[in-house]
Amino acid sequence: MSTPFPVALSGARAETLMWAHEHDVDHAALSQLRNISALPWVEGVRVMPDVHLGKGATVGSVIAMRDAVSPNAVGVDIGCGMIGVRTSLTASDLPDDLARLRSRIEAAIPVGFHAHDAPVDLRRLRPVAGSGGRERLRGEQKFWDRFDALHPKVRQLETRARKQLGTLGGGNHFVELCLDQDDRVWLQLHSGSRNIGKSLAEQHVGIAKHLDHNRGLVDRELAVFLAGTPEMDAYLNDLWWAQDYAARSRAVMMALAVQAVREEFSDRDADDVLRFDEGVNVHHNYVARERIDGAELIVTRKGAIRAGRGDLGLIPGSMGTGSFVVRGLGNPRSYWSASHGAGRKMSRSRAKREFTLDDLAAQTAGVECRKDQGVLDEIPGAYKDLDAVIEAQSDLVEVVARLRTVLCVKG
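Read left to right, the sequence shown gives residues -8 to 402 (our numbering).
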């Protein structure tokens, strides 16, 4: 049966098309979307099926603005996204107990607030073909030379940023080993721009809130920068750098994860064990300049991936529920976008109140992962049904592979 979407959001000023029904979306998120649509610079809003309340702008929103950009329409984790590769391993190659492999990955990739003791020596890494790894590990010196041009208040964070490159972070970030429908093994991970991206975003949000043109906004968290101003130029300079940082960090982590897997299979020919013939490294919190209806607009995706015709993407669920590898269908009605994941259906605090560790163990049965209080708020039951989210956007993406999680590393 064909999808009933999109539907227009009632009460919106700028055209707001949704791949979700209003009755399935939290009232606070709907109010937030209407506030966004009322901004004078907004040309249109597109809402993905994983939509939920965010700070300022809604998670799962794609916003096209003319000559303006709102930092909170990107979010504080600038450049957050996914990277994944398909390997030549199959399920039969994996040991019955994956605990040792999880320990190897956790030892190689710092999680939570932790960082590497020293910056990762990229010369010692073996970049992963097919995932953007080779390209993202090039030009290291030129990349770091740009740090001095960032906002002055983050310049003391360079040492920390260097050590956090190639680290996972916490929350919904993860490293996973998955099996597709043919029992082929995939490696994938989800992470962003760490503390440096957050610090840059917070500096610029603070600046935007005090600009005169933002004083009458219904929500000051939606404050924007205007084209042709030094404030906008400064923000975009820092944002482009942070997006690059996030993509580089994912490529480094993927190389470290692959190295850990190679060590696990050191008794076999490494090149035979790990070959890569599929790969993708995509942002889902980012800014791009795109041409829509003949005009060049600034498009922010906060919890959304680009789904142009042929674009590969990764749409993860939660720990234990797996992910989808998808290919974009190039639907212009969605601004060539699709969801970034399943999307939360309840807050972290509510999840901790409603679920127990027994629930966590049951919902992650068969997955080698943490099952303790520290990740209870990430329990699958706190997220929307991933299959329903994929079904709601059948006109935006086609499924390439359904991935089933067998190992999950969380911060």
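A virtual CB, placed ideally from N, CA and C, is assigned to each residue, including glycine.
Environment of residue i [buried if 16+ CB atoms lie within 10 Å]
i: D368; result: buried
i: V209; result: exposed
i: K362; result: buried
i: R297; result: buried
i: T150; result: exposed
i: A352; result: exposed
i: G311; result: buried
i: D139; result: exposed
i: R115; result: exposed
i: F104; result: exposed
i: K410; result: Missing from the structure shown is residue 410; the chain here goes from -8 to 402 and no further.
i: L178; result: buried
i: G357; result: exposed
i: A199; result: buried
i: P221; result: exposed
i: D413; result: Absent from the structure is residue 413, since the part of the chain shown begins at -8 and ends at 402.
i: L156; result: buried
i: H14; result: exposed
i: S28; result: buried
i: T78; result: buried
i: P(-3); result: buried
i: A106; result: buried
i: S309; result: buried
i: F165; result: buried
i: A19; result: exposed
i: E194; result: According to the sequence provided, residue 194 is Gln. The question's Glu does not apply to it. With 16 or more other Cβ atoms within 10 Å, it is buried.
i: P323; result: exposed
i: M(-8); result: Any reading at M(-8) must be qualified, since the residue scores a pLDDT of 46, below 50, and its modelled position is unreliable; the value itself is stated next. M(-8) should be labelled exposed.
Beta-carbon proximity list for residue i, same chain, < 7 Å, skipping 5 on both sides
i: D68; result: G183, S184, G188, K189, N276
i: H354; result: Note on residue identity: the sequence assigns Gln, not His, to residue 354. Excluding residues within five positions, the ones whose Cβ falls inside 7 Å are G311, I370, P371, G372.
i: Q364; result: L348
i: P(-5); result: none
Same chain, Cβ closer than 6 Å to residue i, five either side skipped, listed in chain order
i: A99; result: L247, A251
i: V380; result: P40, D41, S330, A333
i: L92; result: E255
i: R438; result: This structure leaves residue 438 out entirely; the chain is present only between -8 and 402.
Assumed close pair residue i, residue j - CB separation to whole angstroms, cut-off 8 Å
i: A333; j: L377; result: 4 Å
i: L320; j: D386; result: 7 Å
i: L305; j: V278; result: Actually they do not touch by this definition, with Cβ atoms about 20 Å apart.
i: L202; j: A48; result: The pair is not a contact, with the Cβ atoms about 17 Å apart (cut-off 8 Å).
i: V176; j: L85; result: 7 Å
i: A342; j: G72; result: The pair is not a contact, with the Cβ atoms about 24 Å apart (cut-off 8 Å).
i: V290; j: V53; result: 7 Å
i: D58; j: L217; result: 6 Å
i: I283; j: Y326; result: 6 Å
i: G70; j: A295; result: Wrong, their Cβ atoms sit about 13 Å apart, outside the cutoff.
i: V316; j: A392; result: 4 Å
i: N186; j: L148; result: 7 Å
i: V102; j: G161; result: 7 Å
Residue i and residue j closer than 8 Å at C-beta
i: M244; j: L159; result: yes
i: A(-1); j: R25; result: no
i: I96; j: R241; result: no
i: V65; j: K375; result: no
i: L89; j: L113; result: no
i: V191; j: A233; result: At residue 191 the sequence reads Leu, which differs from the Val that was named. Their beta carbons are under 8 Å apart, which means L191 touches A233 by this criterion.
i: V397; j: E345; result: no
i: H12; j: R335; result: no
i: Y226; j: P31; result: no
i: G285; j: L394; result: no
i: V249; j: V60; result: no
i: D174; j: A82; result: yes
CB contact check: residue i to chain D, cutoff 8 Å
i: Q234; result: Included in the structure is just one protein chain, with no chain D present.
Contacts around residue i, its chain only, beta-carbon distance under 8 Å, and the 5 residues preceding and following it disregarded
i: M301; result: Contrary to the premise, residue 301 reads as Gly rather than Met in this sequence. Same-chain partners within the cutoff: R318, G319, G321.
i: A261; result: Residue placement at A261 is flagged as unreliable, the pLDDT there being 49, under the threshold of 50; the coordinate-derived value follows with that caveat. So the list reads R253, once near-sequence residues are dropped.
i: E287; result: R280, E281
i: R153; result: P110, W135
i: R239; result: R127, L128, F134, L156
i: D108; result: K154
Requested in this report: Would you check if there are 3 or more beta carbon pairs closer than 8 Å linking the stretch 137 to 145 to the stretch 167 to 176?
Outcome: Cβ pair count under 8 Å is below three, so no.
Requested in this report: Would you be able to state if there are at least three C-beta pairs under 8 Å between the stretch -5 to 8 and the stretch 37 to 46?
Outcome: In short, these stretches touch, since the Cβ pair count reaches three.
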